[in-house]
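Using the working numbering, read the sequence shown as starting at 3 and increasing by one per residue.
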Amino acid sequence: MTGNDSAPLAARPENLPRHVAVIMDGNGRWAEGRGQPRRAGHIAGSETFRAIATHAKHRGLEALTVYAFSTENWRRPAAEVRGILALLRKYLREAIDSMAREGIRLRFLGDLDAMPPALRRLTEETDSISRQVEGMTVSVAFNYGGRDEILRAARSLTEQCQTGALTPADIDEARFSDALDTAGLPPLDLLIRPGGERRLSGFLLWQAAYAELYFTDTLWPDFTPADFDAALAAYASRQRRYGGLGGPG
Ligand code: IPE
Ligand code: IPE
Ligand code: MG
3 MTGNDSAPLA ARPENLPRHV AVIMDGNGRW AEGRGQPRRA GHIAGSETFR AIATHAKHRG
63 LEALTVYAFS TENWRRPAAE VRGILALLRK YLREAIDSMA REGIRLRFLG DLDAMPPALR
123 RLTEETDSIS RQVEGMTVSV AFNYGGRDEI LRAARSLTEQ CQTGALTPAD IDEARFSDAL
183 DTAGLPPLDL LIRPGGERRL SGFLLWQAAY AELYFTDTLW PDFTPADFDA ALAAYASRQR
243 RYGGLGGPG
């Protein structure tokens, strides 16, 4: 990172989002455009992730949530899936050493039951370190789908109704949010999708209800801290009305 990347942000700090999500898309096309295997794109994308997480921390965000692997991404060739799993393993091993120093807490969103046991153990290790670290929360969505998350929450609430711990009337928005993978995170303010597509691909369907959306054609491996700042500046200029008229009260 150059010194310039950490220059003060032009956006007014009071308009800094608390929680930003990123759909890390475009790795494959980045590699193919250079005549390289898709794997090279995932490696470059994982470096971008590190740089952006560090930058978001410097900017003072409370939470950064990234889409690393969707419930649908298992449809890809087995070799590509293996490559992505290997990169996640490498990232977690390094994070175990660096989280406390960098003030980054890691958590996972998604159905982790499908994770290979070795990877599962690493997530448990990062969870236990995170409990002792103060700082920005980086959530990695892995084997994550927004519909799957909502269904798992609905099932868990239904089970609590069956045992008598809850009644259906207890299930309001707050209770439902608490049953989602993102329980306890600040509300989602800004969702960024690099890579040129204008869709959510199942990411944070419930949480994005009133998030600001920011799309850019830049492929994820090319995405820089300056691009992140451009998204923050766009966010700062937006007026969030939440269905009202945007005035006071
Ligand atoms: C995002 O990049 C990474 C994952 C979905 C795991 P892609 O691999 O989807 O890259 P493109 O969209 O094919 O370029
Ligand atoms: C979304 O990207 C998932 C991740 C970035 C992890 P995809 O590349 O899987 O999305 P689609 O297939 O273009 O909708
Ligand atoms: Mg893609």
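Just so it is clear, CB atoms sit at the ideal spot from N, CA and C, and this is done for glycine as well.
Excluding sequence positions up to five before and after valine 135, its CB lies within less than 8 Å of the CB of Met101, Ala102, Gly105, Ile106, Arg107, all in the same chain and listed in chain order. DSSP places alanine 236 within a helical segment (H, G or I) once states are collapsed to three.
In the DSSP assignment, the residues bridged to glutamate 214 are Leu192. For alanine 23, the pairing in a beta bridge is given by DSSP as Thr67, Leu193. Proximity of the beta carbon of aspartate 27 to ligand 3 is indicated: a heavy atom of the ligand is located closer than 8 Å.
When only Cα atoms are considered, aspartate 231 and alanine 181 end up about 32 Å apart.
Selection Thr220, Gln241, Gly137 evaluated against leucine 192 yields Gln241 as nearest (Cα-Cα). In this structure, leucine 63 places its C-beta atom within 9 Å of the C-beta atom of leucine 18. Between the stretch 108-126 and the stretch 37-54 there are fewer than three C-beta pairs closer than 8 Å, too few to call the two in contact.
Looking at the backbone, the Cα of serine 132 and that of glycine 35 are separated by about 38 Å. Under the criterion of beta carbons closer than 8 Å, isoleucine 86 and arginine 195 do not qualify as touching, at roughly 18 Å. Per the DSSP secondary-structure output, leucine 89 pairs with nothing in a beta bridge. For threonine 160, the closest of Glu199, Ala143, Phe178 by C-alpha to C-alpha distance is Phe178.
Secondary structure within the stretch 118-195: the beta strand (DSSP E) runs of 3 or more consecutive residues, fully enclosed, are 138-146, 192-195 (chain order). Around leucine 247, the same chain offers no residue with a beta carbon nearer than 8 Å, after the five sequence neighbours per side are excluded.
The three-state secondary structure of serine 203, taken from DSSP, is coil. Within the chosen limit of 8 Å, ligand 3 does not reach the beta carbon of glycine 47 with any heavy atom.
Residues His44, Ile45, Ser48 of the same chain have their beta carbon placed closer than 7 Å to that of leucine 89, with the five preceding and five following residues left out of the count.
Under the three-state reduction of DSSP, phenylalanine 225 is assigned to coil, being neither helix nor strand.
The criterion of a C-beta distance shorter than 9 Å is not satisfied by tyrosine 146 and phenylalanine 51.
Counting along the chain, arginine 107 sits inside no alpha helix (DSSP H); it lies in the beta strand (DSSP E) bounded by residues 106-111.
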